[in-house]
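I have placed the structure first, in the form of structure tokens, so that the comments after it can refer back to it.
Number of protein chains: 2
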Amino acid sequence: MTLAIPGVHERPPTLRARRLGLFTQHEPIVLMRTDCHVCRSEGLSPRAQVLLSSGGRQVYATLYQVSGELLAIDEAALSEAAWTLLGVAEGEGIEVRHAPPLASMASVRRRIYGNRLDEPALQAIVGDVAAGRYTDVHLAAFLTATSALPLDDPETLALTKAMVDVGDRLAWASETVLDKHCIGGLPGNRTTPIVVAIVAACGLVIPKTSSRAITSPAGTADTMETLAPVDLDLAAMRRVVEREGGCVAWGGAVRLSPADDVFIGVERVLDVDTEGQLIASVLSKKIAAGSNHVVLDIPVGPTAKVRSEEAGRRLAGRLTSVAAQFGLKTRCIQTDGTQPVGRGIGPALEACDLLAVLQNAPDAPQDLRRRACLLAGAALELGGAAPEDQGLALAEAVLADGRAWAKFQAICEAQGGMRTPPTAALEAPVTAARSGRIIHINNRKIATLAKLAGAPDVKAAGVRLLVRLGDEIASGAPLVTVHADSRGELGYALSYAAANADLIEIEA
Amino acid sequence: MTLAIPGVHERPPTLRARRLGLFTQHEPIVLMRTDCHVCRSEGLSPRAQVLLSSGGRQVYATLYQVSGELLAIDEAALSEAAWTLLGVAEGEGIEVRHAPPLASMASVRRRIYGNRLDEPALQAIVGDVAAGRYTDVHLAAFLTATSALPLDDPETLALTKAMVDVGDRLAWASETVLDKHCIGGLPGNRTTPIVVAIVAACGLVIPKTSSRAITSPAGTADTMETLAPVDLDLAAMRRVVEREGGCVAWGGAVRLSPADDVFIGVERVLDVDTEGQLIASVLSKKIAAGSNHVVLDIPVGPTAKVRSEEAGRRLAGRLTSVAAQFGLKTRCIQTDGTQPVGRGIGPALEACDLLAVLQNAPDAPQDLRRRACLLAGAALELGGAAPEDQGLALAEAVLADGRAWAKFQAICEAQGGMRTPPTAALEAPVTAARSGRIIHINNRKIATLAKLAGAPDVKAAGVRLLVRLGDEIASGAPLVTVHADSRGELGYALSYAAANADLIEIEA
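Chains as they are written, first to last, in this note's numbering: chain A, 1 to 508; chain B, 1001 to 1508.
Take a look at the structure:
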């Protein structure tokens, strides 16, 4: 076909980048004017998927349009997620075109209609997911389809491999590399720094990377950051591990299993979580981290991710067998998932618990101490530093005689210098409305309370639990203390506590 | 539990409404500042689902946050979708709170895990969907789940009923009320106004409501609007039908099956379309419209919604049996889905085809004429105005002798006055690059071409097809003409045609 009308010039679809300061969580969004020439020439309408290009980088984004004066006619305004991914400067040129259709969605549709997915199909899907080409709608379709027809063993293996392949992969000099992971968020369950200290003190290599909080009041990286720098690049991590055998760093400098966080974001909204996806999520991160001996903490309880011991055993079995396919040795430990671990919930408050345990303080939370020793013991056995069934005893000894504390201090120094966790400016108790026995602690609401108080952004903020399940309490006695840096945040948290009497349930 | 710190005042979460002129298709979005007191007190983060309340009305919206000066600290800026739904005035007070959790999502999750859904569960889901409480992620999960485990007959029935119940429902004085529907978009397939004219001319009642285009170059309402007003409220519709027996109005004034458009929006993104959902979609709108005799046009072809005659028969069977449960009589007609119908694609161009057929012009598109008579004939038989197997002949007679044209003119007058469709300012051909035979016409790309030319917003814009499948064509001869009102839009369309040689494929 030939162009039949002369004089029509094709203008390149370039616009000037503008940073809008628009926070959309992870969604890359671009705003353009309805009368922008690019919208007209590309035939773009609101919610179209577009491809933004600049300086050789490409980002997929959702387009919204504005009428009127909010933008100049030749501006493309980017959300923070899009701005960071595209790496442009203010005013720089961006090309905007229709996003090419997602070929891998054909595989997702095949799965919706009941077909199994092979390795190439899963590689293609995970590649597109990691590259940010899937909108939340596409992600929801994939996750729903693999929940409706759960991933079988070959598919779980293939998904795990695809998730490893799409990111960075670390290798360490040591033959034996330890790692640990807790499946399912349990507030305050901050065992990692203690475990790392014990395990490294026994001469094993344990180069731990951890995340910041996504929706919880603290991630391991947030808590550790109140004690030492965690923002280490790969070279710095290697130096620390070379010197001390272990580290507790933020994983942000390396891209390990980048599709995982994308999946997790939508899983949380839908509240679906299937075994195959969970296994791929956990193991892909460990494999990519270069670990080959992994201890998995599986909290079990009616409101935990794993609801029964039976389910826990089944999960453990599948985890172990998929891990073995990658040359990973695993040890799965079922623990109590019915209430928070430790007393502090929030970065600095959890750090205080850690320090108390490591320093053998008499009032250190014993449940945290026990759980950390249990997991560390398993790691010691797995890594060959303790004979079978003697790991727990060795871990406790290393903690009790101060070797773990010495190692922890050394790691903090190696990471850039040990710090004192901050203390909140304000503190207020939430008290019992009646006398009786503590029969239920709502993990999710305790976490919300800590966040309203300011965690994790305000490192000193959060909640300190003063009771555990089964405790007897008198009317008017404090159940928790709320820690905050401002009267406003303290007030928000206390209002929430007042409006949510089922935060902690007392039976008369 | 008691508040232990005095002097903390709870400020009501009220902000001032601001219209942003932000187009997001159907998504209600609200923008607030990160440091806004409501974000702090409610603990709101980006992408949180919030409930906006004002003057007794409530709207669910997704929150994004902005830093800096885009908004005042006490402003809540609404997208157009949110603004329209909430019905506030600039500066009016809006309360913003966390959206309550979606109870009906528990049912969606049950379906994901393989369980059947009963009537109460589907009523709850559809109620939440129609009320705008489901985000696209939730909708994607539901639609994927009912594709992975398709809706069975009881579920299809229950879903249809739920979709009817959640909107308005019309009733007409006549005992026999005719309707028609085409399943699956085929460009140019604008039979409705001709069918309505023929059927009403034969004394049957056919109160047709139709949609505007969502993603196509023209909806029936857009096309009809170039010939007469369509924006009739219910009272006006009743007057027209009372007087002339039929109408072709825009359904926007009445809320028929409001959940349907919400589902369709996400189905399009995912490209999933399952039978149960399709049946519920079609029938819920007809039942809500008060129809009891429905002709269904099922185009069949390799790129149509229905791919084979076998599939078409199966669909027809299920449609008929579900419809019967509601006292609806249906007649399903399989038609050709391999190429566009008629010549014009775009509101005014399609209107020209309609007028040519109604006026028995010698060059009227015969395929459109034939299809309209086929469907009208089925309607006449279904409604008892023609004996079995004589409907087609009667329809053709009514068309040929001018009764249909007279009735159409009368309907237009009753709707507010007949108009002349506009003509585009510019016209340019797209010509054949080689000689040969037309072997493929890409429906989707033809539609895109029409939209780039300006359809449906520019009523005169679009595409006129000059060839059909099987035609012999000489190199350089025109295949289509593009109609546009501006050189810019004409240029965009012609550039697209030049870059998409597979728009119309010619075999040498």
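Every residue, glycine too, gets a C-beta built ideally from N, C-alpha and C.
All values reported here derive from a predicted model rather than from experimental measurement.
Proximal chain A residues relative to residue i, where beta-carbon distance stays under 7 angstroms
i          : result
Val1266(B) : Val137
Gln1277(B) : Within chain A, no residue comes near Gln1277(B); the closest Cβ sits about 13 angstroms away, beyond 7 angstroms.
CA nearest to the CA of residue i, picked from the options
i          : options                                           : result
Glu396(A)  : Leu380(A), Ile411(A) and Gln409(A)                : Leu380(A)
Arg97(A)   : Leu71(A), Cys36(A) and Gly184(A)                  : Cys36(A)
Leu278(A)  : Leu319(A), Val108(A), Leu270(A) and Gly251(A)     : Leu319(A)
Ile1112(B) : Thr1146(B), Pro1429(B) and Ala1493(B)             : Thr1146(B)
Leu1466(B) : Gly1344(B), Val1266(B) and Leu1143(B)             : Gly1344(B)
Ala1333(B) : Val1038(B), Val1294(B), Gly1276(B) and Val1458(B) : Note that residue 1333(B) corresponds to Ile in the displayed sequence, not to Ala. Nearest of Val1038(B), Val1294(B), Gly1276(B) and Val1458(B) to Ile1333(B), Cα basis: Val1294(B).
Asp336(A)  : Lys445(A), Leu374(A) and Ala364(A)                : Leu374(A)
Glu90(A)   : Ser53(A), Pro101(A), Ala103(A) and Ala76(A)       : Ala76(A)
Pro1101(B) : Leu1122(B), His1138(B), Asn1115(B) and Glu1069(B) : His1138(B)
Arg133(A)  : Pro258(A), Ile504(A), Val240(A) and Thr223(A)     : Pro258(A)
Val430(A)  : Asp401(A), Ile504(A), Leu31(A) and Ser107(A)      : Ile504(A)
Leu256(A)  : Gly290(A), Trp172(A), Arg243(A) and Asp273(A)     : Gly290(A)
Gly1252(B) : Val1398(B), Pro1229(B), Val1272(B) and Leu1031(B) : Pro1229(B)
Ala433(A)  : Pro422(A), Asp222(A), Met237(A) and Leu479(A)     : Leu479(A)
Ile1183(B) : Leu1283(B), Asp1367(B) and Ala1131(B)             : Leu1283(B)
Gly416(A)  : Asp74(A), Arg212(A), Val126(A) and Glu225(A)      : Glu225(A)
Val1129(B) : Met1105(B), Pro1150(B) and Ala1148(B)             : Met1105(B)
Thr1240(B) : Asp1168(B), Ala1048(B), Lys1451(B) and Trp1172(B) : Rather than Thr, the amino acid found at residue 1240(B) in this sequence is Val. Looking at the Cα atoms, Trp1172(B) is the closest of the given residues.
Glu1413(B) : Asp1074(B), Asp1401(B), Met1237(B) and Tyr1492(B) : Met1237(B)
Asp273(A)  : Thr144(A), Gly219(A) and Leu296(A)                : Thr144(A)
Arg1040(B) : Leu1052(B), Gly1056(B), Arg1057(B) and Ile1073(B) : Ile1073(B)
Arg561(A)  : Ala385(A), Leu399(A) and Glu388(A)                : Given a span of 1 to 508 for chain A in the structure shown, any question on residue 561(A) remains unanswerable.
Contact set between residue i and chain A, taken where Cβ atoms lie within less than 8 angstroms
i          : result
Asp1271(B) : Met105 and Arg109
Tyr1113(B) : Ser147 and Ala148
Thr1156(B) : Within 8 angstroms Cβ-Cβ: nothing; Thr1156(B) doesn't reach chain A, min ~18 angstroms.
Thr1448(B) : Gly43
Residue i: contacting residues in chain B (beta-carbon distance under 8 angstroms)
i         : result
Glu489(A) : Arg1040
Leu20(A)  : Val1066 and Leu1070
Tyr60(A)  : Here the premise fails: no neighbours, minimum Cβ distance about 14 angstroms.
Contact with chain D by residue i, beta-carbon distance below 7 angstroms
i          : result
Leu1452(B) : The structure shown contains no chain D; its protein chains are A and B.
Cβ-Cβ distance between residue i and residue j below 7 angstroms
i          : j          : result
Val205(A)  : Ala376(A)  : no
Leu1227(B) : Ala1061(B) : no
Thr1014(B) : Gln1065(B) : no
Asp534(A)  : Asn442(A)  : The structure shown does not extend to residue 534(A), since chain A is modelled only from 1 to 508, so the question has no answer here.
Gln1359(B) : Leu1469(B) : no
Ala249(A)  : Thr209(A)  : yes
Gly346(A)  : Gly462(A)  : yes
Leu349(A)  : Leu426(A)  : no
Ala1201(B) : Arg1403(B) : yes
Leu44(A)   : Leu70(A)   : no
Ser1054(B) : Leu1086(B) : yes
Val254(A)  : Asp168(A)  : yes
Phe1142(B) : Val1166(B) : no
Amino acids of chain B, ordered along the chain, whose beta-carbon sits closer than 7 angstroms to that of residue i
i         : result
Pro46(A)  : Phe1023, Thr1024 and Gln1025
Ala141(A) : Ala1140, Thr1144 and Leu1270
Thr14(A)  : Per Cβ cutoff of 7 angstroms: no residues; Thr14(A) is ~16 angstroms from chain B at best.
Tyr134(A) : Under the 7 angstroms cutoff, chain B gives no residues; its nearest Cβ is about 11 angstroms from Tyr134(A).
Closer than 9 angstroms at the beta carbon, the chain B residues around residue i
i         : result
Thr509(A) : Examination of residue 509(A) is not possible in this model, given that chain A is present from 1 through 508 alone.
Across the region 1078–1088 of chain B and the region 1021–1034 of chain B, are there enough close Cβ pairs to call them in contact, namely three or more that are closer than 8 angstroms?
yes
Touch test, the region 1287–1305 of chain B against the region 1392–1406 of chain B, Cβ-Cβ under 8 angstroms, three pairs minimum
no
The region 1309–1316 of chain B touching the region 1161–1171 of chain B, judged by at least three CB pairs closer than 8 angstroms
no
In chain order, what are the residue ranges of uninterrupted alpha helix (DSSP H) at least 4 long that sit wholly in the region 220–244 of chain A?
220–225 and 234–244
With a cut-off of 8 angstroms, do at least 3 Cβ pairs link the region 1475–1485 of chain B to the region 1446–1462 of chain B?
yes
Tell me the start and end of each unbroken beta strand (DSSP E) in the region 281–338 of chain A that is at least 3 residues and wholly inside, in chain order.
293–300 and 329–336
On the three-pair Cβ rule with 8 angstroms, is the region 345–365 of chain A touching the region 180–189 of chain A?
yes
Closer than 8 angstroms is the cut-off here; do at least three beta carbon pairs connect the region 1231–1249 of chain B with the region 1107–1125 of chain B?
no
Just to confirm the assignment: which complete beta strand (DSSP E) runs, minimum length 3, are found wholly within the region 158–226 of chain A?
178–182 and 206–210
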